[in-house]
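Undergrad: Protein chains in written order, with full-length UniProt numbering: chain C, 1 to 614; chain S, 1 to 326. Please see the structure below; I have some questions.
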């Protein structure tokens, strides 16, 4: 532990025996229990803990932002030797000036009715009234450029809602750093962001730390991210500091049982090596679902007039019986629009979706209903997708009623059987779903989908609302059901580690297109598309990375699906882009062994770039 | 560009609304019982003359023909002539049918143009009074939800909303005019005559403004960006006056638009009590005299005013909050 009482002068921030309790309706609960730590100037200290460990309360206690029911009952927060708890005037003089704070919800952090630039200037002049409006504006634009916001001078005059999530988080970093603070408290700042954007933000934060010598307290809930970001990592568990070590030491020799469990639970991408699970598929069999050149456009109307959003542009893949097919991509890549097309909720504007020899995209509504008996959808949101006033049994029986299957007795029996199979037990039959946990709700959704005995189950982010342990249990369940009923699964997900664990073949989507389709190990060990490598380089993991973000991803964010560049959509962020990529959009080409990628470098130089052991 | 497209679209929609309103009013007025020609010509007029006048005025034609003629008139800026009011402004009604002073009947447009400014003046003044009363109370209440200011706002609005306006009008007239002789009350002889009815109307409107403000200010104060603003180093005054009030003004603006339109539509009771020569009084008399063209004219002008006010309110709202799109 670096808590060294003999040299308090060295620490910028030292927290001593900080205790915070929550008082509500006569119940006292200790949120932070006797927390002590030091932060030196220019140091980055990561704080990690699961939800409920008190890390956000810690962050907010440091900036004096306490919910009314929270009380600091003991300890001191010394900033440059002076206690912030007792000296409120000193604390509020420091707020935003010496101590800056960035929260995890950039979307709601600025006034939506004023331009970002005006608010940056307002903040700087509030804490430094001596700076003129002109100088403040110049500084804000300079910093917006420093955090790599494109055309910063014109973006300065835009409103918060015109910024994407990643850009907004950059703007909040500018907001925090504009007053040259000595300490920056970053509370879960990468959580709402896509992995490739989060990786850029982390990189940026490290650069700023060096350039402006700001000390950073980096709070997050993901161990890989915490280790990546900080020089040292402090582990918080149930309101107590259980461990503090340098990132490397924490991973290699965790001291506390909680940390060890945390590390053991993390699924890995590469650490277990190849286990030869990629099997060659028999291409003479008929594909269960075959998607060819599917596209979907939406028209939007805004202040600038009509615009066409190209949500899905050019999707191609085959799903064979018994596959666990994964579709991955970041938010906005068209995953959910594709799901709506695959399930016939919407009709594609081009291309075909052949399911067992019939085109879902052009089938009549009556035929589509019949087809749906054989493919079912399980949704992401465990709370919004179940009718709260129907009993659990009715929910499971409903599909049978809709399709007019069986007598009342038979339906009842089949529903009970399905409930038992997903591990819910038929004593829940007459209850309402109100009391079910998120995991139980997802089981119920699976029961509702499988009671029709479909051949294909489409899982749209079904596991993303669940924690690690519950995810594992459900994945086991899916495996068991597959063995018993011969289901084929399509997993639509943004979570690479989950996909790595369960999928046999994976399609990667970028801006509405499938840019790569490959068997699991091929994709993780020898990806064919630069975007796949970028995704893998940004995935949060403790393992030694096969792909480094520095090599795989240029700064920037995906272009808007409204005005796409003429050539390859990834060209603007791709480190390997050349002239042809700006003009022409590559199509999926085979790279042998049933792997496809949409890149001009496939079969040219990609094999040379891949790591030696691939 | 955005403004031009917005205005074109909204004005077209507005024209359609006004057209529908006038169609409905026109039809309804003609199916209710009571023959306006009898009122115009006088009780003593012979039946044959009444029929003759009605024929001449086209009142026996099918409704759609009458409506067509009427709309054609409106397009040319002609709202028609009052059935009963003479242009000279002399007495209305009467028993004889050959009174020479009644030959020239008043233009509806002129009647409205004379009275509308009075009502606009009354409406603006009562809005001003209402805002002066309601904004401090409402904002204070919104900043301290559940505490004394919030309760004060609630109790005060309950009291205001339960005072019947005719009673309040009479009491205030008695107190301020008769007893204290501070303000004139009846009729119109200058700006001072607007003050008393405006106070009564302001007290009637204020509770709605107070309520809207407390709710929206309290809502905005719970927003993330308000919490964070203090951590970012903004002062409390900056947070409240620059951010909280700005964000809570959009719901208020919508409410003010509706209230103002209602005031313009004629505040019948208040204008009647104070004998205030505005649209309200004109409406009451028009209805009592079955003066179809006048009633129609007032309805159309009020509907048009309503449409225009809403367009202005929406335009202001987009200026405050650029996320809004109408």
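Beta carbons: idealized from backbone N, C-alpha and C, even for Gly.
1. From the DSSP secondary-structure annotation, give me the bridge partner or partners of residue 658(C).
2. Measure the alpha-carbon distance for residue 630(C) versus residue 535(C) and round it to whole angstroms.
3. Once you ignore the five residues that flank residue 429(C) on each side, which residues in its own chain have a CB closer than 8 Å to its CB?
4. Using a Cβ-Cβ distance cut-off of 9 Å, determine whether residue 114(C) contacts chain S.
5. Shortest alpha-carbon distance to residue 16(C) belongs to which of 53(C), 76(C), 30(C)?
6. Which residue from 294(C), 244(C), 277(C) puts its Cα closest to that of residue 351(C)?
7. Can you give the Cα-Cα distance for residue 361(C) and residue 496(C), rounded to whole angstroms?
8. Counting only beta-carbon atoms, is residue 224(S) nearer than 9 Å to chain C?
9. Please name the residue, chosen from 26(C), 230(C), 122(C), that lies closest to residue 134(C) on a Cα-to-Cα basis.
10. Identify every run of the beta strand (DSSP E) within the stretch 227 to 273 of chain C, keeping only runs that are complete inside it and at least 3 residues long; order them along the chain.
11. Starting from residue 471(C), trace the alpha helix (DSSP H) in both directions and tell me its first and last residue.
12. Would you kindly work out how many angstroms separate the C-alpha atoms of residue 127(C) and residue 140(C), rounded to a whole number?
13. Considering only residues of the same chain and omitting the five flanking positions on each side of residue 363(C), which have a CB-CB separation below 8 Å?
14. Look up residue 358(C) in the DSSP assignment and give the residues it is bridged to.
15. For chain S, is any of its Cβ atoms less than 9 Å away from the one on residue 65(C)?
16. Give a yes or no on whether 9 Å exceeds the smallest Cβ distance from residue 310(S) to chain C.
17. Under DSSP, the beta strand (DSSP E) around residue 406(C) begins and ends at which residues?
18. Going by C-alpha distance, which of 214(C), 320(C), 227(C) is nearest residue 283(C)?
19. Could you compute how far the alpha carbon of residue 3(S) sits from the alpha carbon of residue 99(C)?
20. I'd like to know if residue 272(C) contacts chain S, where contact means its C-beta is closer than 9 Å to some C-beta of that chain.
21. Looking only at C-alpha atoms, which of 402(C), 490(C), 81(C), 22(C) sits nearest to residue 68(C)?
22. Counting Cβ pairs closer than 8 Å, one from the stretch 227 to 239 of chain S and one from the stretch 305 to 322 of chain S, do we hit at least three?
23. Under 9 Å, Cβ to Cβ, is there at least one residue of chain S near residue 179(C)?
24. With DSSP collapsed to three states, give me the class of residue 330(S).
25. Helix, strand or coil for residue 551(C)? Go by DSSP, reduced to three states.
26. Could you give the DSSP three-state label for residue 31(S): helix, strand or coil?
27. To which residues of the same chain is residue 652(C) closer than 8 Å at the C-beta, ignoring the five residues directly before and after it?
28. List, in order along the chain, the chain S residues whose C-beta lies closer than 7 Å to that of residue 161(C)?
29. Keeping to the same chain, check which residues put their C-beta closer than 8 Å to that of residue 125(C); ignore five residues upstream and five downstream.
30. Would you tell me roughly how many angstroms separate the C-alpha atoms of residue 97(S) and residue 44(S), rounded to the nearest one?
31. Could you pull out every residue in the same chain whose Cβ sits closer than 6 Å to the Cβ of residue 206(S), ignoring the five residues on either side in sequence?
32. Under 9 Å, CB to CB, which of the residues in the stretch 103 to 133 of chain S have a partner in chain C?
33. Applying a beta-carbon distance threshold of less than 9 Å, which residues of chain S neighbour residue 97(C)?
34. With a threshold of 9 Å between beta carbons, is residue 122(C) in contact with chain S?
35. Against chain S, with Cβ distances strictly below 9 Å, would residue 20(C) count as a contact?
36. Ordered along the chain, which non-local residues of its own chain (more than five positions away) have a Cβ less than 8 Å from that of residue 26(S)?
TA: This is what the structure holds:
1. No information on residue 658(C) is available, as it lies outside the stretch 1 to 614 that chain C covers here.
2. In the structure as shown, chain C begins at 1 and stops at 614. Residue 630(C) is therefore absent and cannot be evaluated.
3. If we look at residue 429(C) and ignore the five residues flanking it on each side, its Cβ neighbours are 391, 392, 393, 415, 416, 419.
4. At a cut-off of 9 Å between beta-carbon atoms, residue 114(C) makes contact with chain S.
5. Minimum Cα distance to residue 16(C) is reached at 76(C).
6. Comparing Cα positions, the closest option is 294(C).
7. Taking the straight line joining both Cα atoms gives about 29 Å.
8. So yes, residue 224(S) belongs to the interface.
9. Of the candidates 26(C), 230(C), 122(C), 122(C) places its Cα closest to the Cα of residue 134(C).
10. Counting only unbroken stretches of 3 or more residues, the beta strand (DSSP E) elements lying wholly within the stretch 227 to 273 of chain C are 232 to 237, 240 to 246, in sequence order.
11. 468 to 485 is the span of the alpha helix (DSSP H), which, as asked, contains residue 471(C).
12. Cα to Cα, the separation comes out at about 14 Å.
13. Closer than 8 Å at Cβ, skipping near neighbours: 344, 371.
14. DSSP lists 355(C) as partners of residue 358(C).
15. Closer than 9 Å: yes.
16. Cβ-Cβ to chain C under 9 Å: no for residue 310(S).
17. DSSP places residue 406(C) in no beta strand (DSSP E); its state is neither H nor E.
18. Comparing Cα positions, the closest option is 320(C).
19. Between the C-alpha atoms of residue 3(S) and residue 99(C) there is a straight-line separation of about 43 Å.
20. Residue contact with chain S for residue 272(C): absent (no Cβ-Cβ distance below 9 Å to any residue of chain S).
21. Ranking the options by Cα distance to residue 68(C), first place goes to 22(C).
22. Between the stretch 227 to 239 of chain S and the stretch 305 to 322 of chain S there are fewer than three inter-stretch CB-CB distances shorter than 8 Å, so the stretches are not counted as touching.
23. Answer yes: the Cβ-Cβ gap between residue 179(C) and chain S drops below 9 Å somewhere.
24. Absent from the model: residue 330(S). The displayed extent of chain S is 1 to 326, so no value can be given.
25. Helix, per DSSP.
26. Three-state result, residue 31(S): helix.
27. Examination of residue 652(C) is not possible in this model, given that chain C is present from 1 through 614 alone.
28. Close to residue 161(C), with beta-carbon spacing below 7 Å, are these residues of chain S in chain order: 323.
29. Here the set comprises 131, 133, 136.
30. Any reading at residue 97(S) is ruled out, since the residue's pLDDT is 47, under 50, leaving its predicted position unreliable.
31. Here the set comprises 130, 133, 134, 160.
32. Hits within the stretch: zero.
33. Near residue 97(C) (Cβ distances below 9 Å), the residues of chain S are 233.
34. Interface residue, yes.
35. Interface criterion not met: the Cβ of residue 20(C) is under 9 Å from no Cβ in chain S.
36. The answer, listed in chain order, is 63, 66, 67, 70, 296.
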